[in-house]
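Contents: one structure, followed by commentary.
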């Protein structure tokens, strides 16, 4: 399989991940969401909990193919590119957190893009600096070391929201005013300490990209990916018996389990697109996957703009409501009901954002860093 065909499957997986991200991040109302489109309350893993690790898994594969022209080894040029991208992505994430009020005293420092930046930066440097065998050792050290850190870092309940060492570390380093508070207490699900195992997700993606590239036979490629995927899901599932699957803590079992599912899903896409040649259906996802960073940032800015800056007067109300709330309560909910209206609100935004991606794709505009 040549490089261009190989990357179609990768673009489709990336595009499907972006589409799912929009679906789960843009409900009409957070009070009306079907269970599969919610994050697990704490321990566990729902389809929604696959979005972020899938994206980091794809980042790892992209590192392999992007730096293949440098011989997949660490050079001054490669290191410079990695450091530059890391800094830019982190700053974009911070600016997204600041928008629209730019309150520096209470800005959340970490976030999704910030974690992507750190996991990409450290992961890419490690992947290019080390050979496969040493990389596997580093991966094992990261996952086992993080387990030990959490287990010995708390007196009684090491994996609880209140007592985990991740929360205490971020609280000490970042301060209460700069940490996410959506769990009811200061705790950042994309904090600094829990970004360490996220590096492991990037490393696994890189190693899977290596397998895809080295194995020239599609059949052998799929066979190996299937074996690796099943092995990771099984190992992650067994490990979860003592180290629970937990996205906010980004537990080591969660790393293996989600990377395994990502590998299996990619195998399925390779089978459908590259082996069976059924690719027409995947075009919209290719469009999404061609500008992932742009559409992530744009969707975030859009949601904040219509939530905080655009207000609509409502008859019988003393104060206007946000345009976001107006769309749901006055358009989608009355027509389709609360639950379906909330879902269709999100789907309608997927369509709008896809159209933007489609225009960029047709005009060959690919926004990269």
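In this note's numbering, the protein residues as written are 15 to 383. Glycine is no exception: its CB is placed at the ideal position from the N, C-alpha and C atoms.
Just to confirm before moving on: does the CB-CB distance between residue i and residue j stay below 8 Å?
i           : j           : result
residue 239 : residue 225 : yes
residue 266 : residue 160 : yes
residue 34  : residue 361 : no
residue 210 : residue 153 : no
residue 55  : residue 63  : no
residue 288 : residue 228 : no
residue 206 : residue 221 : no
residue 81  : residue 92  : yes
residue 173 : residue 263 : yes
Using the Cα positions of residue i and residue j, report the straight-line distance between them to the nearest angstrom.
i           : j           : result
residue 261 : residue 120 : 24 Å
residue 130 : residue 68  : 12 Å
residue 28  : residue 331 : 43 Å
residue 151 : residue 144 : 10 Å
residue 198 : residue 122 : 15 Å
residue 201 : residue 182 : 8 Å
residue 350 : residue 339 : 15 Å
residue 311 : residue 175 : 29 Å
residue 323 : residue 282 : 43 Å
residue 125 : residue 236 : 34 Å
residue 319 : residue 137 : 33 Å
residue 128 : residue 214 : 16 Å
Which residues bound the alpha helix (DSSP H) around residue i?
i           : result
residue 138 : 126-143
residue 227 : 209-228
residue 298 : 297-304
residue 172 : Element bounds for residue 172: n/a, residue is neither H nor E.
residue 355 : 352-376
residue 100 : 90-112
residue 165 : 146-166
residue 184 : 179-188
residue 70  : 65-80
residue 201 : Neither: residue 201 is in no alpha helix (DSSP H) and is coded neither H nor E.
residue 339 : 337-340
Worksheet item: Quick check: the region 272-281 against the region 245-262, are there 3 or more CB pairs under 8 Å?
Response: yes
Any contact between the region 327-344 and the region 89-109? By contact I mean 3 or more CB pairs, one from each, below 8 Å. no
Three Cβ pairs or more, each shorter than 8 Å: is that satisfied between the region 41-50 and the region 348-355? yes
| request: Output the residue ranges of the alpha helix (DSSP H) runs that lie fully inside the region 251-283 and measure 4 residues or longer, sorted by chain position. | output: 266-283
Margin query: Is it the case that the region 295-308 contacts the region 371-378, given that we only count it when at least three CB pairs across the two stretches are under 8 Å?
Written below: yes
Fill in: In chain order, each alpha helix (DSSP H) run of at least 4 residues that lies wholly inside the region 22-65
none
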